[in-house]
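Residue numbers (the working numbering): 100 to 251.
The beta-carbon is built from N, C-alpha and C at its ideal position, and this holds for glycine as well.
Quick caveat, the model's predicted, so the values are computed rather than measured.
Take a look at the structure below.
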């Protein structure tokens, strides 16, 4: 792939510059790092249609989740993808509900109050060590419900 500011050489063998070329811009800094396949474009269009059909409250929740995902470091995303999400998907519904209920309580708390609750045996009563670890992971990622599979 050629740099963002150059075109194939013209007939004289010289490069032709685009009129809006910015020499300070890194090569290929066009906002899109790659071209998408037809299948990917169709999936994006389908997802966009489905999103627009959701009620405004649900759209807002999805936007907030996307913002949380964008703020995560690559290591946090990998941790969610490879460890938290697989555990969550195999967890029985009653254990998921117990975690979701507690996440709802922790969702908008400042970090210090969230940690205080997470360390309170009354708050985590009846939860296994594994469920407590999942609750801790999710609470520090500032989510208020079940983790969704990432759609990057």
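Exercise. So what does DSSP say about residue 222, is it helix, strand or coil?
Worked result: coil
Exercise. With burial defined as no fewer than 16 other Cβ atoms inside 10 Å of the residue's Cβ, what is the status of residue 137: buried or exposed?
Worked result: exposed
Problem set entry | Between the CA atoms of residue 158 and residue 195 - distance to the nearest angstrom | 23 Å
For this session: Decide if the region 229–243 is in contact with the region 174–185; the criterion is three or more beta carbon pairs, one per stretch, under 8 Å apart.
Result: yes
Exercise. Terminal residues of the continuous alpha helix (DSSP H) containing residue 207?
Worked result: Where residue 207 is concerned, there is no enclosing alpha helix (DSSP H), given that its DSSP letter is neither H nor E.
For this session: Using a threshold of 8 Å, state whether the C-beta atoms of residue 202 and residue 216 are closer than that.
Result: no
Exercise. DSSP state of residue 192, grouped into three classes?
Worked result: helix
Problem set entry | Beta carbon of residue 197 nearer than 8 Å to that of residue 171 | no
For this session: Give the range of the alpha helix (DSSP H) segment to which residue 238 is assigned.
Result: 228–239
Exercise. Just the Cα atoms here: how many angstroms apart are residue 146 and residue 164?
Worked result: 16 Å
Exercise. DSSP three-state call for residue 133: helix, strand or coil?
Worked result: coil
Exercise. For residue 154, which of helix, strand or coil comes out of DSSP?
Worked result: coil
Exercise. Once you ignore the five residues that flank residue 231 on each side, which residues in its own chain have a CB closer than 6 Å to its CB?
Worked result: 223
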